[in-house]
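J.: Pasting a structure here, questions to come.
There are 2 protein chains.
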Amino acid sequence: MQGSGNQRRSLTLEEIGQRAGVSRSTVSRVLNDHPDVRAEVRSRVNAVIAETGYRPNPAARALVSNRSGLIGLVILTDVDELFGDPYFPELVSGIQEGCAEHDLIFTIFPIRGDDGRSDTLVSQITRGMVDGVIITAGPHSDELIVALRDRGVRVVVVGQPADERGLLRVDVENRVGSRGAVRHLIDHGAQPVGFVGTTPEYLYGVERLAGYREALVEAGLGPDDRLVCLDLPGAAGGYRATTRLLEEQPGAIFVATDPMAVGAYRAIADAGLRVPDDIAVVGFDGLPRGPQLDPALTTVVQPVAAVGRTAVGLLAGDQDGVEPILLPTELRVGASCPRAGIDSHADPAAGGRP
Amino acid sequence: MQGSGNQRRSLTLEEIGQRAGVSRSTVSRVLNDHPDVRAEVRSRVNAVIAETGYRPNPAARALVSNRSGLIGLVILTDVDELFGDPYFPELVSGIQEGCAEHDLIFTIFPIRGDDGRSDTLVSQITRGMVDGVIITAGPHSDELIVALRDRGVRVVVVGQPADERGLLRVDVENRVGSRGAVRHLIDHGAQPVGFVGTTPEYLYGVERLAGYREALVEAGLGPDDRLVCLDLPGAAGGYRATTRLLEEQPGAIFVATDPMAVGAYRAIADAGLRVPDDIAVVGFDGLPRGPQLDPALTTVVQPVAAVGRTAVGLLAGDQDGVEPILLPTELRVGASCPRAGIDSHADPAAGGRP
DNA sequence: TTGAAAGCGCTAACAT
DNA sequence: ATGTTAGCGCTTTCAA
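Okay, here's the thing in structure tokens:
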């Protein structure tokens, strides 16, 4: 009747020590991989721990060490957005991997945007309950972020500026990525190159627009604001913005998000035009669970999972470098804007559908 | 320079007591709404708390009281499933509401199925770190559930049997709901009524099949196993199962999940048949973010958000009744199987598309 | 009604 | 290399 059966009252370090014939300090050392323990004693203690199924009390641990081993992802968007956006599963996967690497426990705090208690609660739970949090963009985040930081919680922001707030930040190279994409469109040859993107409350939208402008300037093509059409992210916004843009008769369009590219495709088709022959299109996102377009969209792939992993690394490490970490994107070439000179015009011999 | 500015070192009860001119015990009483505090003292203490922005240390609280105020949703399915299934956003919303009502903090533990550490970690964190957990179905859940229960964590299972494991359980009336649905199909008149459902590793699949059988027996129609076609949940499985079922020439089909109904619609169309004229269809789920079908699917609406809310209530209360709570479903009548006698045949005068 | 004191289970000096 | 001791910040008897 011994072993790992169901004991309701939990064991304590002291009791483990008694059974192993050592003091509670020694057991604590074994538990925390402290070097100064004789191998024989260590294995004896480990045997007792295994036999009893003992687990240290996390609350006691957190109290004395101020570390809980918990990493939180605070999601301030509402449930619909959370489950609808293909961004989150990627981020969550990455964080999971990072937590596994660093032996941390991963937990998501889904805070309702309209939940007045959110900042109170989060600041409460994070006082010693969570070692670090990753916060994704959200309208109400500012106050919360500042509150957490002031309480000494390590905070990594994702998808939003770190400002001078002294926050850690991980994100992707939005500007560089979109500059490369637009360069690709320019090399493709069709002119002029228009921009369909989001209104400026989205940081990534601003950055991607900046990259677009840089590429034009580099190519000696002065940016023309009539070629920039902004709307809400998502297919509907993409449709509207593209419809407006088409009046300027662009030869190519850089669309700041893949969902918007869905709308762009629709608008282009509705205008009686074809991708890529009449208009070349390049998107941005390249998420595994993102939209699948036909013809396959050339897009800037952003490494969202890597962002998650990196964010955890930042939280786990104790480096205090406040420099944002921006991960590089990669252009994935599809049929919507083939590589210039190689397959820029569909090969008639290749035939239609397989 | 006073007030709620950013102090790195957190205040303690003792310090609050000093500033308010009382002992730490009194402050603790105020914090916990203990009645035996003079109103004047109470408000003085509260003033100091508000002024300083003091928050009790949750770890210390958890250590001494064995309660953390955290409710966890343990999700054992992998990320793809989590974000793909319209079930989860509903459940999450409901739990959020429940936690708000009971002043609990809601956190999701996304455990990777292949993560060997899962049971170790979860049992670790839940020792005092989490007051109660809600666990959704999953292949590896058994071991974990038992481990948690043995450590005295309150566990509510959702979407899986409580067995004799002494677990709390909240779910929907799968059996009763599907019995009603099949009754509705029988009343509709088309014969025979087939069943498209999931293979029996899904509890809800088993229960919905049982309800189907009950309805047939009640109606004096012996159940015929050739009319029962099982496959994986999801549209593809629904398509396969329905295709097989169509060989038996059913006049009506009860499909155990709405996603399978998507496949059923497709199979019926591929067979050159129409819904509802040739075959009436009733589904099960009715989730807000579930598939939208045309003609609109008559389906059994399961109150998933209410399940989440109820689960939290069970965790928050200290009732130890182990009886499962099964919430009633509701039939939502659409065009795929109209109410008998009222609009069972499409009105030709109603015209085609608008 | 309030304060003093004990102790939750653990870690980390400090001894030895 | 190991044991002893002193807290971490809180709740909760027990006295007053």
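As they're listed, the protein sequences go chains E and V. All residue numbers for the first sequence refer to our numbering, where the first residue is 598 and numbers rise by one. All residue numbers for the second sequence refer to our numbering, where the first residue is 598 and numbers rise by one. Positions of the beta carbon are idealized from the N, C-alpha and C atoms, including for glycine.
(1) What are the start and end residues of each continuous alpha helix (DSSP H) run of 4 or more residues lying completely inside the stretch 802-854 of chain V, in chain order?
(2) For the pair the stretch 885-902 of chain V and the stretch 852-869 of chain V, tell me if three or more CB-CB distances fall below 8 Å.
(3) Do you know how far the Cα of T895/V is from the Cα of F792/E?
(4) To the nearest angstrom, report how far apart G831/V and D682/V are at their CA atoms.
(5) Quick check on the burial criterion: 16 or more other C-beta atoms within 10 angstroms. Buried or exposed for Q788/V?
(6) Determine which residues share a DSSP beta bridge with F680/E and list them.
(7) Under three-state DSSP, which class holds G713/V?
(8) Name the chain E residues whose beta carbon is nearer than 9 Å to that of M857/V?
(9) Report buried or exposed for H781/V, applying the criterion of at least 16 other Cβ atoms within 10 angstroms of its Cβ.
(10) For S690/E, which residues in chain V fall below 8 Å Cβ to Cβ?
(11) Determine which residues share a DSSP beta bridge with D882/E and list them.
(12) Please decide whether L660/V counts as near chain E, where near means a Cβ-Cβ distance under 8 Å.
(13) Helix or strand or just coil, what does DSSP make of M598/V?
(14) Look at V767/V and V752/V and say whether their C-beta atoms are less than 8 Å apart.
(15) Suppose you measure from the CA of P820/V to the CA of G848/V; what does that come to, to the nearest Å?
(16) Does R766/V come out as helix, strand or coil in the three-state DSSP assignment?
(17) For S775/E, does the count of other Cβ atoms within 10 angstroms reach 16, so buried, or fall short, so exposed?
(18) Taking Cβ positions only, does T704/E come closer than 8 Å to chain V?
(19) Cβ of G695/E within 7 Å of any heavy atom in the ligand MG?
(20) Sort out for me which residues DSSP pairs R751/E with in a bridge.
(21) Smallest Cα separation from E698/E: which of G869/E, A913/E, E927/E?
(22) For the pair the stretch 813-829 of chain E and the stretch 928-937 of chain E, tell me if three or more CB-CB distances fall below 8 Å.
(23) Starting from V793/V, trace the beta strand (DSSP E) both ways and give me its first and last residue.
(24) Just verifying my parser: in three-state terms, what is the DSSP assignment at A636/E?
(25) Rounded to whole angstroms, how far is the Cβ of G905/E from the Cβ of S622/E, which I believe are closer than 8 Å?
(26) Which residues does DSSP list as the beta-bridge partners of L928/E?
(27) Which word fits T907/E, buried or exposed, when buried means at least 16 other C-beta atoms lie within 10 angstroms of its C-beta?
(28) Pull up the distance between the alpha-carbon of V878/E and that of V872/E, whole angstroms please.
(29) At what residues does the beta strand (DSSP E) containing L667/E begin and finish?
(30) Between which two residues does the alpha helix (DSSP H) harbouring I783/E extend?
(31) Please report the distance separating the alpha-carbon of F703/E from that of R823/E.
(32) Do I668/V and D760/V have their beta-carbon atoms positioned less than 8 Å apart in this structure?
(33) Contact between the stretch 629-648 of chain V and the stretch 643-654 of chain E: three or more CB pairs below 8 Å?
(34) Let me know the secondary structure DSSP gives I613/E once reduced to three states.
(35) From the beta carbon of A656/V, is the nearest beta carbon of chain E less than 8 Å away?
T.: Well, looking at it:
(1) 832-843
(2) yes
(3) Within the first sequence, the letter at position 195 stands for residue 792/E. Within the second sequence, the letter at position 298 stands for residue 895/V. If you take the alpha carbons of F792/E and T895/V, they lie about 44 Å apart.
(4) As a working note, residue 831/V is residue 234 in the second sequence. As a working note, residue 682/V is residue 85 in the second sequence. Roughly 10 Å separates the two Cα atoms.
(5) Looking up residue 788/V in the second sequence gives position 191. Counting other Cβ atoms within 10 Å of its Cβ, Q788/V stays below 16 and is therefore classed as exposed.
(6) As a first step, residue 680/E is located in the first sequence; it is residue number 83 there, counting from the start. F680/E pairs with nothing; no bridge assigned.
(7) Residue numbering aside, residue 713/V sits at position 116 when the second sequence is read from its first letter. Its pLDDT being 49, under 50, G713/V is placed unreliably in this model, and the value from its coordinates should be taken loosely. Correct three-state label for G713/V: coil.
(8) Position 260 of the second sequence holds residue 857/V. Within 9 Å Cβ-Cβ: nothing; M857/V doesn't reach chain E, min ~20 Å.
(9) What you label residue 781/V is simply residue 184 of the second sequence in a count that begins at 1. Answer is buried; the Cβ neighbour count reaches 16.
(10) The residue labelled residue 690/E in the question sits at position 93 within the first sequence. Near S690/E (Cβ distances below 8 Å), the residues of chain V are V676.
(11) Walking along the first sequence from the start, residue 882/E turns up at place 285. V898/E, per the DSSP bridge assignment.
(12) Translated into the one-based positions of the second sequence, residue 660/V becomes position 63. Chain E, which has a Cβ nearer than 8 Å to the Cβ of L660/V, makes this yes.
(13) As a working mapping, residue 598/V is identified with position 1 in the second sequence. Because M598/V sits at a pLDDT of 32, beneath the cut-off of 50, its placement in the model cannot be relied upon, and the following sentence gives the value as read from the coordinates. In the structure shown, M598/V sits in coil (DSSP, three-state: anything other than H, G, I, E or B).
(14) Numbered from 1 along the second sequence, position 170 holds the residue referred to as residue 767/V. Numbered from 1 along the second sequence, position 155 holds the residue referred to as residue 752/V. Inclusion of V767/V and V752/V in the CB contact set at 8 Å is not warranted, their separation being larger than that value.
(15) Along the second sequence, read from residue 1 onward, the residue named residue 820/V stands at position 223. Along the second sequence, read from residue 1 onward, the residue named residue 848/V stands at position 251. The straight-line gap from Cα to Cα measures roughly 15 Å.
(16) Working through the second sequence from its first residue, we reach residue 766/V at position 169. For R766/V, the secondary structure class from DSSP, reduced to helix, strand or coil, is strand.
(17) Sequence index remark: in the first sequence, residue 775/E carries index 178 (1-based). That one is buried.
(18) Residue mapping note: residue 704/E aligns to position 107 of the first sequence, counting from 1. Output row for T704/E: interface = yes.
(19) With respect to the ligand MG, the structure offers nothing, as it holds no ligand at all.
(20) In the first sequence, counting from the first residue as 1, residue 751/E sits at position 154. The partner list for R751/E (beta bridge, DSSP) reads G729/E.
(21) Numbered from its first residue, the first sequence carries residue 698/E at position 101. Selected option, being the one with the closest Cα: A913/E.
(22) no
(23) Here residue 793/V corresponds to residue number 196 of the second sequence, with the count starting at 1. V793/V -> beta strand (DSSP E) spans 790-795.
(24) Within the first sequence, the letter at position 39 stands for residue 636/E. A636/E falls in the helix class under three-state DSSP.
(25) By 1-based counting over the first sequence, the position of residue 905/E is 308. By 1-based counting over the first sequence, the position of residue 622/E is 25. With 8 Å as the limit, G905/E and S622/E do not qualify as a contact, their Cβ atoms being about 38 Å apart.
(26) Against the first sequence, residue 928/E aligns to sequence position 331. In DSSP, L928/E forms a bridge with V897/E.
(27) The residue labelled residue 907/E in the question sits at position 310 within the first sequence. Answer is buried; the Cβ neighbour count reaches 16.
(28) For the purposes of this step, residue 878/E is identified with residue 281 of the first sequence, where counting begins at 1. For the purposes of this step, residue 872/E is identified with residue 275 of the first sequence, where counting begins at 1. Their Cα atoms are separated by approximately 7 Å.
(29) If you number the first sequence from 1, residue 667/E lands on position 70. That run of the beta strand (DSSP E) goes 667-672.
(30) Working through the first sequence from its first residue, we reach residue 783/E at position 186. Where I783/E is concerned, the enclosing alpha helix (DSSP H) stretches over 771-785.
(31) On the first sequence, residue 703/E is found 106 positions in, with the first residue counted as 1. On the first sequence, residue 823/E is found 226 positions in, with the first residue counted as 1. The straight-line gap from Cα to Cα measures roughly 46 Å.
(32) Reading the second sequence from its first residue, position 163 is the one you call residue 760/V. Reading the second sequence from its first residue, position 71 is the one you call residue 668/V. Taking 8 Å as the Cβ cut-off, D760/V and I668/V do not qualify as a contacting pair.
(33) no
(34) By one-based count along the first sequence, residue 613/E stands at place 16. In the three-state scheme derived from DSSP, where H, G and I count as helix and E and B as strand, I613/E is classed as helix.
(35) As a position in the second sequence, residue 656/V is number 59, starting the count at 1. Closer than 8 Å to some Cβ of chain E, the Cβ of A656/V qualifies, so yes.
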